[in-house]
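K.L.:
First the structure, then my questions, so here it is.
Number of protein chains: 2
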Amino acid sequence: MAEDRALTVRALLDTVRAEGRSTLTAPEGKVIADAYGIAVPGEELARDVDEAVAAAARFDGPVVLKIVSPDILHKTDAGGVIVGVEGAADVRAAFHKIIANAKAYNSAAKIDGIQVQQMLPPGQEVIVGAVTDPTFGKVVAFGLGGVLVEVLKDVTFRLAPVSADEAQTMLDSIKAAEVLKGVRGGQPVDRWAVAEQIRRVSELVTDFPEIVEVDLNPVIATPEGAVAADIRVILTDEQPKQRRRYSRDEILRSMKRLMQPRAVAVIGASNEQGKIGNSVMRNLIDGGFAGDIHPVNPKADDILGRKAYKSVTDVPGEVDVAVFAIPAKFVASALEEVGRKGIPNAVLIPSGFAETGEHQLQEEIVAIAERHGVRLLGPNIYGYYSTWQDLCATFCTPYDVKGGVALTSQSGGIGMAILGFARTTKTGVSAIVGLGNKSDLDEDDLLTWFGEDPNTQCIAMHLEDLKDGRAFVEAAQATVPKKPVVVLKAGRTEAGAKAAGSHTGALAGDDAVYDDILKQAGVIRAPGLNDMLEYARALPIMPTPQGDNVVIITGAGGSGVLLSDAVMDNGLSLMEIPEDLDASFRKFIPPFGAAGNPVDITGGEPPSTYEATIRLGLEDPRIHSLVLGYWHTIVTPPMVFAELTAKVVAEFKERGIEKPVVASLAGDVEVEEACQYLFEHGVVAYPYTTEKPVAVLGAKYRWARAAGLLGGGR
Amino acid sequence: MAEDRALTVRALLDTVRAEGRSTLTAPEGKVIADAYGIAVPGEELARDVDEAVAAAARFDGPVVLKIVSPDILHKTDAGGVIVGVEGAADVRAAFHKIIANAKAYNSAAKIDGIQVQQMLPPGQEVIVGAVTDPTFGKVVAFGLGGVLVEVLKDVTFRLAPVSADEAQTMLDSIKAAEVLKGVRGGQPVDRWAVAEQIRRVSELVTDFPEIVEVDLNPVIATPEGAVAADIRVILTDEQPKQRRRYSRDEILRSMKRLMQPRAVAVIGASNEQGKIGNSVMRNLIDGGFAGDIHPVNPKADDILGRKAYKSVTDVPGEVDVAVFAIPAKFVASALEEVGRKGIPNAVLIPSGFAETGEHQLQEEIVAIAERHGVRLLGPNIYGYYSTWQDLCATFCTPYDVKGGVALTSQSGGIGMAILGFARTTKTGVSAIVGLGNKSDLDEDDLLTWFGEDPNTQCIAMHLEDLKDGRAFVEAAQATVPKKPVVVLKAGRTEAGAKAAGSHTGALAGDDAVYDDILKQAGVIRAPGLNDMLEYARALPIMPTPQGDNVVIITGAGGSGVLLSDAVMDNGLSLMEIPEDLDASFRKFIPPFGAAGNPVDITGGEPPSTYEATIRLGLEDPRIHSLVLGYWHTIVTPPMVFAELTAKVVAEFKERGIEKPVVASLAGDVEVEEACQYLFEHGVVAYPYTTEKPVAVLGAKYRWARAAGLLGGGR
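Put into structure tokens, the structure is as follows:
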């Protein structure tokens, strides 16, 4: 059956293309729809009045009759269309009237017959379509029909093909989703039938890459089904560019040698301060890299006390990484030598390639690398850090706080911001990697590696484009069940995308498509740079929540209100506190304190009240996450609060009870030290903000849902 | 005419209330609509067939005929309604058919006649209404009709009454505003007619406070007009509670003595460390207050080296402020003495009033204060700071960075966060005021004062509710043309509002109403606590932009993309750079750098490139604001960038050229010091974020528009 339909459509498309057309006619559209089970109105050609009556009888309800004549193009003008005809007598009358009208209109017209088309019942208009996205390829779209939705742009996208379940999620992903469930006493539409239309369109465009666009507009959705009133199919001659793809094993093999090298060569190593080749050497040495460091420089005998080689080919033994610190124009020949030496990774710090318009130079080095099987990082990057190896292969400064987050950036400036932020906040890092022009290695390679890397608990990526959206989604979907993937997609807005275009020459995809498909991949999208950095800092130290019940415990009622706002803003749920639990909380708080949620312990309370309520929050298995609101008072100073909270959290951890605990500290400057202490003891804490602690908790929940660790997942 | 209509409606409403009804009948609704010029379909009662024909002839187009009989309630069931009747013959036939149907349905029914009602043409359905908001009183609402909008909650609100211009802005304030302008080739609706319906409804509810709700649903808007198909009016018996309101002069007089006192008494002053009365005394003294400080304590002769008085009545000379640092139960009697002494302001630090359920105690002190004309700040507050007077009347710690922002908070915890944030960022402050339970003084009093205070350039307020929304809007509208007013409204979400309810006992208003009306008042709403604090820090040091043209100058292309996103997110416009200006920029940047906007000077550039481009940005009068993206390199280190930027900005300032300049610094930790330096030199700068600098610029623009200093205002 699947083969039959493919043969039918293949034959049809070949005919259309042989005729040099890129658009299908309505009857051709119907052939395709029928082949793929896309529901469209029934229609038949009736050559005489009896055939018309018989055809109309086969359709449920009223029909439309239309003249079919090669000589009558404007059917309506010719009186050749009558709608809403029902019953044999009316069909007969309408048939004769149309024939008469047509003859009166053009007595010489050749009449092939009359088309009898099923009339669709009134229902909710929806739109189902498929487009070819420059980043993601075939993508299906779903939205409500009508003017309002066009104005409000309430449409959702998924990578094609979609499963029936995935298609169903699209119905819930539009803002006006309620409409489909029946509002104001309206009937809900047949969700399964709508989802089937989406699924079948997604299969069609997947099977036939030359179909660039399909539009079912509108689909009439009713409680009984979903039928496309119209199908539009557009073809292209363009072949999508094939990109060399590496297998998962190949990626892991070369990435392991990149991130855990035993020997590194620095091409362009230098004794001269201020040169990049000097900075890289010093950072490698000062960073404490335990493997071999081989300077390569034709003009020096030793560099920073290490024997220098004229060429990388002279370096003895195996080398895992060659770091390039030479001008762009010398890269190609040095890369040839790297290839001949069999070094699997070239880290290209120099700029002066595609980003300055030197596309040809970049293509040249890519060709050399492919010939030798060398993988390229860059060019146009600051280098990379692999902290657990004490490896600082960059021209910046060493970074030594080992921890669980791997950070990558497409832009060098953003990379520097990552470094500064990490240093000032003591963020525990497993790697920082510059991707620059992404001439070869890109986010999917890194995701594949970091997904397996036991030192990495979270991956955070700044990106302006994806070279291959599908490869990224595949890598993300393989990684997300294991650890959170955070993405800061720059160029979200039209102006941003335009700026990205001039920056990297990359075609920025439509953000709505990015947004939905990154969500489909289970990726946590950071709304801004600072958010990405905070997620990166906080996610690895937060345990995974075991359920949706969030409880706020606050000394400052004012913080409780703002924290509640933040909980809602982040799509989290304040637990409805059961009576027995409420009574337990009340035992610890003053009579005028407010139990419920937030639990308002009031401002003047001693450390013991904070401790008792936090303890209860961790103890009760019905509570899954705690949000603490601290108020600086003389009775409970900031560090007292920090120490008691850290102590209780550690105690429960030892007993095997781990829940996310985040805190907002309102107070004088001492709260800053308290926050740093808390962060270092596994409690995410921020001063002067009620938004950030809840935003990072929200990010953790988004991940837990995407990873299937909580209900309500994708 | 205005009086006539008032008399007509007054008489009608009196009759309705005399009958004990709270809902008006359709004919009564029509009487009111006609009185206020609210367009509704024409209708007439026809007692015989000739009257029906005559009535139908008076209306344009088709009509609806409806039986009018006290004995037939369900007209449709009785066959008593026929729609779409046009022409004398059809009217006659329909008239007779309805009479026949009615008799068949109930032969004993008394028939008063047949109502002939004009049929409305098809058009865009919109909703116009008015409600009585607990905070703001009479409020008009406007939205599109139909199921979709109900689901998407696309409605906008304004304080009633509205002018014709204000009503017009409502048509643009809904998300689906485009629909009214005509999309997909549709015709635009008659905006004036729609606005008139809004304006007239707003007048009606203003004139008659007992009308709690009016609904015109739907109004059919067409290119030719806007007619309400239905009008619904609901009355109440409740009298709105009258609140004592002070005149502007009275407020300014007492506020001046509160904020610029010559003598302060501390009731409950103490020598005992850890007591609030001790902290307040010490802060007053350590803060350097130059006026008189009189401790009051019946059990001490002197406190911290100052003569103590048994009672405030014993204090010699005039006293401007009495700060209360005694338990709640002693407040009333001490307040009597304050009243007798003629002290105009009582600052009530103690808690134990409405916030702990002691409403009666609070009412008692309010009554005492009203009797004596004493104004109350609090109770349940940390006190207040008036920095330019070196006045720290709080139990916290002194704060001495004088500057342009006045900050107020309803919650003590938030007040402490304000203090800590201000201290760590060296925010220049004119005052910090705790409002607590707001038993008397509230945001409108403070706005009135700070609006006049020459030391205050910006006012930032945290609030959970407004006691009197109209008084606040009035005060804000008087202030906004002079200086920005920032509001953090806590309890935005349902959960937040619930938490606010348990916190202050205040009824949190619907946030959509708050949002629209704060906008109408020209207030800048901060989305969160940290945003409010950053706005407060940045707005006073930023000059007012003279126009909409924002230009980004960036060393980091990656920052340029994110800054462009932020510009769009904040509703700002990236200037379209004219060719001559583009050419001027290009002179300074490398050939592969991107001119346009962002101006991408590329990463490796020396200080002179930053300087030349910033100089050009300040020089060219077509550019109104600069957003700088700095990338930390060896060539241009952070402090070099900071100093050159500050120098250029200062130089132009001396020449009388001031534009907002904000900067995002991407780099290692040295950028933090550079940002602090820049801030202190009038350039708003942040490390590790591209969002914040643009967000505060956006806030400044929102204010400039609201203040009428730019186009596109409210």
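Chains as they are written, first to last, in full-length UniProt numbering: chain V, 1 to 714; chain Y, 1 to 714. Virtual Cβ for every residue (Gly too), placed ideally from N, Cα, C.
When you compare the CB positions of A130(V) and V201(V), do they come within less than 8 Å of one another, or not?
P.N.:
yes
K.L.:
For G708(Y), does the count of other Cβ atoms within 10 angstroms reach 16, so buried, or fall short, so exposed?
P.N.:
exposed
K.L.:
Tell me which residue opens and which closes the alpha helix (DSSP H) that P693(V) is part of.
P.N.:
E691 to A706
K.L.:
Between A417(V), P621(V) and V331(V), which lies nearest to Q546(V) when the distance is taken from Cα to Cα?
P.N.:
That would be P621(V), whose Cα lies nearest to the Cα of Q546(V).
K.L.:
Any Cβ of chain A within less than 8 Å of the Cβ of P598(V)?
P.N.:
The structure shown contains no chain A; its protein chains are V and Y.
K.L.:
Please give me, in chain order, every unbroken run of the beta strand (DSSP E) with length at least 3 that falls completely inside the stretch 52–86 of chain V.
P.N.:
63–68 and 81–85
K.L.:
Report the option in A666(Y), F95(Y), E654(Y) and L446(Y) whose CA atom is closest to the CA atom of G682(Y).
P.N.:
E654(Y)
K.L.:
For a cutoff of 8 Å on Cβ pairs, would you count F324(V) as touching chain Y?
P.N.:
Not an interface residue.
K.L.:
Which ranges would you report for the beta strand (DSSP E) in the stretch 221–258 of chain V if only whole runs of at least 3 residues count?
P.N.:
225–228 and 231–235
K.L.:
So what does A666(Y) bridge to, in DSSP terms?
P.N.:
Paired residue(s): W631(Y).
K.L.:
If the cut is a Cβ gap below 7 Å, which residues of chain V does V151(Y) touch?
P.N.:
A176, E178, V179 and V183
K.L.:
Tell whether a beta-carbon distance below 8 Å holds between A109(Y) and S69(Y).
P.N.:
yes
K.L.:
If you draw a straight line from the alpha carbon of R232(V) to that of P218(V), how long is it in whole angstroms?
P.N.:
11 Å
K.L.:
Unbroken beta strand (DSSP E) runs of length 3 or more, entirely within the stretch 337–393 of chain V: which are they?
P.N.:
345–348, 375–377 and 383–386
K.L.:
For A506(Y), name the three-state secondary structure that DSSP assigns.
P.N.:
With a pLDDT of 39 at A506(Y), under the threshold of 50, the modelled position of that residue is not reliable, and no figure is offered here.
K.L.:
Please tell me whether A506(V) has its Cβ less than 8 Å away from any Cβ of chain Y.
P.N.:
For A506(V), the pLDDT reaches just 39, beneath the cut-off of 50, and the residue's location in the model is therefore unreliable, leaving the point undetermined.
K.L.:
Hey, would you say N437(V) sits closer than 8 Å to Q362(V), going by beta carbons?
P.N.:
yes
K.L.:
In the DSSP assignment, find the alpha helix (DSSP H) that holds Q115(Y) and state where it starts and stops.
P.N.:
That residue, Q115(Y), is in no alpha helix (DSSP H); its beta strand (DSSP E) goes G113 to Q118.
K.L.:
In chain order, what are the residue ranges of uninterrupted beta strand (DSSP E) at least 3 long that sit wholly in the stretch 2–49 of chain V?
P.N.:
43–46
K.L.:
Quick one, which of L407(V), A102(V), K647(V) and E250(V) has its alpha-carbon nearest T427(V)'s?
P.N.:
Comparing Cα-Cα distances from T427(V) to each of L407(V), A102(V), K647(V) and E250(V), the minimum goes to L407(V).
K.L.:
Taking the alpha helix (DSSP H) that V96(Y) falls in, what are its first and last residues?
P.N.:
With the sequence shown as reference, residue 96(Y) is identified as His, and Val is not the correct amino acid for it. Secondary structure note for H96(Y): its alpha helix (DSSP H) is the uninterrupted segment A88 to Y105.
K.L.:
Excluding the five sequence neighbours on either side, which residues of its own chain have a C-beta within less than 6 Å of the C-beta of H503(V), listed in chain order?
P.N.:
Because the pLDDT of H503(V) is 47, which lies under 50, any placement of that residue in the model is unreliable, and the number read from its coordinates should be weighed accordingly. So the list is empty, once near-sequence residues are dropped.
K.L.:
What number of angstroms, rounded off, separates the C-alpha of G505(Y) from the C-alpha of K498(Y)?
P.N.:
Residue placement at G505(Y) is flagged as unreliable, the pLDDT there being 37, under the threshold of 50; a coordinate-derived value is accordingly withheld.
K.L.:
Nearest CA to the CA of H624(Y): which residue from A650(Y), P591(Y), R586(Y) and M575(Y)?
P.N.:
Minimum Cα distance to H624(Y) is reached at M575(Y).
K.L.:
State the DSSP-derived secondary structure class of L572(Y), mapped to helix, strand or coil.
P.N.:
coil
K.L.:
Roughly how far, in whole angstroms, is the beta-carbon of L180(V) from the beta-carbon of Q118(V), given that I think they are within contact range, below 8 Å?
P.N.:
Contact doesn't hold; Cβ gap of about 23 Å is too wide.
K.L.:
Are E691(Y) and L159(V) closer than 8 Å when you measure CB to CB?
P.N.:
no
K.L.:
Between which two residues does the alpha helix (DSSP H) containing K110(Y) stretch?
P.N.:
K110(Y) -> no alpha helix (DSSP H), and no H or E assigned at all.
K.L.:
Roughly how many angstroms separate the alpha carbons of L12(V) and L120(V), rounded to a whole number?
P.N.:
27 Å
K.L.:
Which first and last residues belong to the alpha helix (DSSP H) in which V648(V) is found?
P.N.:
P638 to E654
K.L.:
Short check: CB of I524(V) to CB of V473(V), under 8 Å?
P.N.:
no
K.L.:
Below 7 Å between beta carbons is the criterion; list the residues of the stretch 655–672 of chain V that meet it against any residue of chain Y, in chain order.
P.N.:
Answer set for the stretch 655–672 of chain V: A666, G667, D668, V669, V671 and E672.
K.L.:
Just how far apart, CA to CA, sit A508(Y) and P607(Y)?
P.N.:
For A508(Y), the predicted structure reports a pLDDT of 38, less than 50, and the residue's modelled location is therefore unreliable. A value from the coordinates is still provided. Using only the alpha carbons, I get a separation of about 53 Å.
K.L.:
Mind checking the stretch 667–701 of chain Y against chain V and listing, in chain order, the residues whose C-beta falls within less than 9 Å of any C-beta there?
P.N.:
G667, D668, V669, E670, V671, E672, Y686, P687, Y688, T689, T690, E691 and K692
K.L.:
Would DSSP call P188(V) helix, strand or coil?
P.N.:
coil
K.L.:
Going along chain V, which residues have a C-beta under 9 Å from V567(Y)?
P.N.:
By Cβ distance, chain V contributes T493, A495 and G496.
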